[in-house]
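A quick write-up on the structure given underneath.
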Amino acid sequence: MLQLILSQVLPPLIDALTPMLVATIAALLFRWTGVQVEAKHMAALQSALANGAKLTLAGRSMDEAIDYVERSVPDALTRFKARDRPRIAELLAPHLAALPLSGPAAPTKGPAGK
6 MLQLILSQVL PPLIDALTPM LVATIAALLF RWTGVQVEAK HMAALQSALA
56 NGAKLTLAGR SMDEAIDYVE RSVPDALTRF KARDRPRIAE LLAPHLAALP
106 LSGPAAPTKG PAGK
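Each residue of the sequence shown is one higher than the one before, starting from 6 at the first, in the working numbering.
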């Protein structure tokens, strides 16, 4: 009886399950590598935006900062659908706001009452 099961039932069962197992492994691998690629694109885009914002501190114009971002990370911009200049300027805005203000520092006061 066991011989019959092993010879007649098991091979078709293995044949049926193998493609499902391969498809599952392929889907997991694609998902894992896709997430990694997206994270690399995001990190590259954030770095380019920060560097583009720093260009404005060096006296460069906003257009030059946008050009820098476009040249630096074209694949990331395409991936996140941010190829147009107004969208890049919108993405640069928080990085510009985070930069320290140039010019003389405001005087600081000591502890209250002293």
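C-beta: ideal position from N, C-alpha, C; glycine also.
Remark: C-beta atoms of Leu33 and Ala87 do not approach each other more closely than 9 angstroms. The distance from the Cβ of Ala70 to that of Leu60 is about 5 angstroms, consistent with a contact at the 8 angstroms cut-off. Leu54 and Leu97 have their C-alpha atoms some 6 angstroms from each other. Between Leu101 and Ala48, the C-beta gap is not smaller than 9 angstroms, which leaves the two residues out of contact. Look at Asp89 here: in three-state DSSP terms it is coil, with no helix or strand label. The DSSP-derived three-state label of Met6 is coil. It is roughly 42 angstroms from the alpha-carbon of Arg92 to the alpha-carbon of Met25. Look at Gly64 here: in three-state DSSP terms it is coil, with no helix or strand label. Around the Cβ of Val14, a 10 Å sphere holds fewer than 16 other Cβ atoms; the residue is exposed.
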